[in-house]
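K.L.:
Mind looking over this structure? Questions follow.
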Amino acid sequence: MKSSVTENLNEPPPLRTKRVLVASSASKLATLTAGLEKLGARVIPFPTIEIREIADKTAVDAALDALDSYSWIIFTSTHGVSYFLLRMKQRGIPADLWRDRKVCAVGPSTAEALRDAGVLVNLVPQDFVAEGILRALADSHGGLEKLVGCRILLPRAKEARDILPRTLESAGARVDILPCYENVLPEVDEAMVRGIVREPPEIVVFTSSSTVTNFAKILGGNNLKSVFERSTVAALGPITAGTIESLGKRVAILPKENTTASLLQALASHYRGE
């Protein structure tokens, strides 16, 4: 039975000679690029997101000052973890303030970032999306209605889906949304854009809805259509896939789990004809 994306050394790499454009934040490019190259791909790194710390720290500082008042702190990305912990360190806030707080991480990468910082993670959902967090919280409490009156902190991006805070508030929880960082368009390499439009890659990989939205902004309508018509698209997670399909492009490759490892496995399986 095959056990990894590079299982059989006697087989040619499944992505051999294929040009794969990775639309991602810079922080995810290295891991994805390394994995794709092991599969034989010729990777075209294409940063579509620049992550920036929120300049105004007033809200973050207020949340840190009231940290002991929260029942749950829910992290939906590794970036949220990084910038929240960075501000704690800058403020000299001791780690023992986490002791009585329950912490939820959206997925294994986010949980690992917290554990690396010495934070106990109480909950990781089976499905690594906001809906999965809601199901996990409901299961752990015997229903979301049991969260009535609970104060919940949500460190996240400046712009993000509202289903998590909206649903928790509807259940009676008090949710404080805490923007710690923002996703902005990076500087565009116009020569690279022209090259992509002239000779689209065989595969385009998107790692989040923001990467899709920014890719569309960078290329523009006609250029985006031209690339989509000639490329196979892979998406990391169902939310990303939905954003792609809203632009009229079918997603051919969608991993079972919202992780880089699962994405690489899905790409390998697709091109092996499995």
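This note's numbering applies: residue 64 is where the sequence shown begins, and numbers increase by one. From the three backbone atoms N, C-alpha and C, an ideal C-beta is built for every residue, glycine too.
Compute the Euclidean distance between the alpha carbons of I215 and D252, then round it to the nearest angstrom.
P.N.:
Between I215 and D252, the C-alpha separation is close to 41 Å.
K.L.:
Using the rule of at least 16 other Cβ atoms within 10 Å of the residue's Cβ for burial, across every protein chain shown, is K312 buried or exposed?
P.N.:
Buried is the call here.
K.L.:
If you check the beta carbons only, do R219 and G143 fall under 7 Å apart?
P.N.:
Closer than 7 Å, so yes.
K.L.:
Around the Cβ of K56, are there at least 16 other Cβ atoms within 10 angstroms (buried) or fewer (exposed)?
P.N.:
Nothing can be reported for residue 56, as the shown portion of the chain is limited to 64 through 337.
K.L.:
Identify which residue in F191, L231, E262, I226 has its Cα closest to the Cα of H204.
P.N.:
Of F191, L231, E262, I226, the residue nearest in Cα terms is L231.
K.L.:
Evaluate the contact criterion for the region 268-277 versus the region 286-304: three or more CB pairs, one atom per stretch, below 8 Å.
P.N.:
With a cut-off of 8 Å, the region 286-304 and the region 268-277 count as touching, because enough Cβ pairs lie within range.
K.L.:
Where does S134 fall in DSSP's three states?
P.N.:
Reduced to three states, the DSSP call for S134 is coil.
K.L.:
Please give me, in chain order, every unbroken run of the beta strand (DSSP E) with length at least 3 that falls completely inside the region 262-320.
P.N.:
266-269, 295-298, all fully within the region 262-320.
K.L.:
With A122 and L227 assumed to form a contact (beta carbons below 8 Å), what rounded beta-carbon distance in angstroms separates them?
P.N.:
Incorrect: roughly 18 Å between the Cβ atoms, too far for contact.
K.L.:
Quick one: what's got a C-beta closer than 7 Å to G195's C-beta in the same chain, skipping five residues either side?
P.N.:
Excluding residues within five positions, the ones whose Cβ falls inside 7 Å are P188, Q189.
K.L.:
By Cβ distance below 6 Å, which residues in the same chain neighbour I137 in space, the five residues on each side in sequence not counted?
P.N.:
Around I137: C167, L217.
K.L.:
Under DSSP, the beta strand (DSSP E) around T139 begins and ends at which residues?
P.N.:
It is not in any beta strand (DSSP E) - T139 carries neither H nor E in the DSSP assignment.
K.L.:
May I have the straight-line CA-CA distance separating L127 from G206, to the nearest angstrom?
P.N.:
Cα to Cα, L127 sits roughly 28 Å from G206.
K.L.:
Looking only at its own chain, which residues have a Cβ that is under 6 Å from the Cβ of W161, when we skip the five neighbours before and after it?
P.N.:
Around W161: V182.
K.L.:
For R79, which residues of its own chain have a beta-carbon under 7 Å away from its beta-carbon, when the five flanking residues on both sides are left out?
P.N.:
G103, listed in sequence order.
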